[in-house]
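Take a look at the structure set out below.
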Amino acid sequence: MLTVAVLISGTGSNLRALLEAARHPDYPARVVVVGADREAAGLAHPEDFGIPSFLVPYERFDSREAWGEELHRQLSAWRPDLVVLSGLMRLLPPAVVAAWSPRLINTHPAFLPEFPGAHGVRDALAAGVAQTGASVIVVDDGVDSGPILAQERVAVLPGDDIASLHERIKPVERRLLIDVVRRIATGELDLEDIH
Ligand code: GAR
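The sequence shown: position 90 = 89 (numbering that gives the first Met the number 0), numbered continuously.
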């Protein structure tokens with residue numbers, strides 16, 4: 000059974016979908032802990048599922064490195080096989096990436112390498128593209144620049160705003176994330192083989 004830690008900053012709807020998938024006896028992974036960099040609304044989900052959570056508030060630390068050190072310490076205590084960034088809106092310091100990658104993956108609401116960064120949905124709309132997408136990647140030292148594990152196109156519809164487009168992308172992200180975690184757990188996808 001693959002053990003997974005999930006890090007969030009927001010509502011955690013994708014996390015919730017993973018928690019629901021992982022509750023199924025046939026699913027080969029379990030979420031063992033959820034962490035957040037702020038008092039995220041999504042911390043309610045692990046509570047609903049009886050799963051522990053921890054908070055490492057970014058603003059309480061003097062530097063990104065100091066925050067990352069504490070985050071790493073908390074994560075390590077759970078010895079997860081895989082760390083999933085599911086809406087963590089914070090760049091991890093290089094030492095944390097080095098410690099976990101390639102067992103460190105991220106979901107992104109765009110068809111990478113298009114529209115990386117914190118505003119993937121807004122940037123796609125602003126560019127006026129007809130389609131954007133969703134991606135799951137391995138985290139590296141860049142901004143959403145790591146190897147792509149799965150991705151799918153999502154159409155931009157006339158009249159879309161950031162919220163409506165994002166709400167159409169998220170179900171695709173959830174499906175991709177649940178499938179990638181499953182494939183990692185079964186060994187179908189070997190992260191050590193991906194460069
Ligand atoms: C998701 O769309 C995720 O891909 C995005 O934040 C959202 C979190 O939604 N992450 C990024 O944009 C990271 N660059 P959720 O909190 O409802 O799961």
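Cβ coordinates follow ideal geometry from the N, Cα and C atoms, glycine included.
What I want to know is whether the C-beta of residue i ends up closer than 7 Å to one or more non-hydrogen atoms of the ligand GAR.
i: Thr106; result: yes
i: Ile11; result: According to the sequence provided, residue 11 is Gly. The question's Ile does not apply to it. True, at least one ligand heavy atom lies under 7 Å from that Cβ.
i: Met0; result: no
i: His23; result: no
i: Leu14; result: yes
i: Ile50; result: no
i: Glu172; result: yes
i: Ile7; result: yes
i: Gly41; result: yes
i: Ser144; result: no
i: Ser62; result: no
i: Gly127; result: no
i: Ala117; result: yes
i: Gly86; result: yes
i: His44; result: no
i: His71; result: no
i: His165; result: yes
If I follow the unbroken beta strand (DSSP E) through residue i, where does it start and stop?
i: Gly34; result: 28-35
i: Arg152; result: 147-154
i: Val137; result: 130-137
i: Val142; result: Val142 -> no beta strand (DSSP E), and no H or E assigned at all.
i: Leu231; result: In the structure displayed, the chain extends from 0 to 194; residue 231 sits before or after that span and is not available.
Thinking residue i and residue j are a contact (beta carbons under 8 Å), I'd like their distance in whole angstroms, please.
i: Leu17; j: Leu176; result: 6 Å
i: Val179; j: Val135; result: 5 Å
i: Asp140; j: Val95; result: 10 Å between Cβ atoms; not a contact.
i: Val142; j: Pro115; result: 5 Å
i: Gly67; j: Gly11; result: Actually they are not in contact, since the Cβ atoms of Gly67 and Gly11 sit about 21 Å apart, beyond 8 Å.
i: Thr131; j: Asn13; result: Actually they do not touch by this definition, with Cβ atoms about 16 Å apart.
i: Val31; j: Trp99; result: That pair is no contact at about 14 Å.
i: Ser75; j: Ala35; result: Actually they do not touch by this definition, with Cβ atoms about 17 Å apart.
i: Ala184; j: Ala28; result: 4 Å
Within the continuous alpha helix (DSSP H) that includes residue i, where are the two ends?
i: Leu14; result: 12-22
Cβ of residue i versus every heavy atom of the ligand MG: is any distance shorter than 7 Å?
i: Asp47; result: Absence of the ligand MG from the depicted structure is noted, with the ligand GAR being the only ligands included.
(request) Jot down the residue ranges of each uninterrupted beta strand (DSSP E) in the region 91-126, minimum 3 residues, whole runs only, in chain order. (result) Counting only runs of 3 or more, we get 103-107.
(request) Mind listing, in chain order, the continuous alpha helix (DSSP H) runs of no fewer than 4 residues lying wholly within the region 37-80? (result) 43-48, 63-76
(message) Please give me, in chain order, every unbroken run of the beta strand (DSSP E) with length at least 3 that falls completely inside the region 154-192.
(response) none
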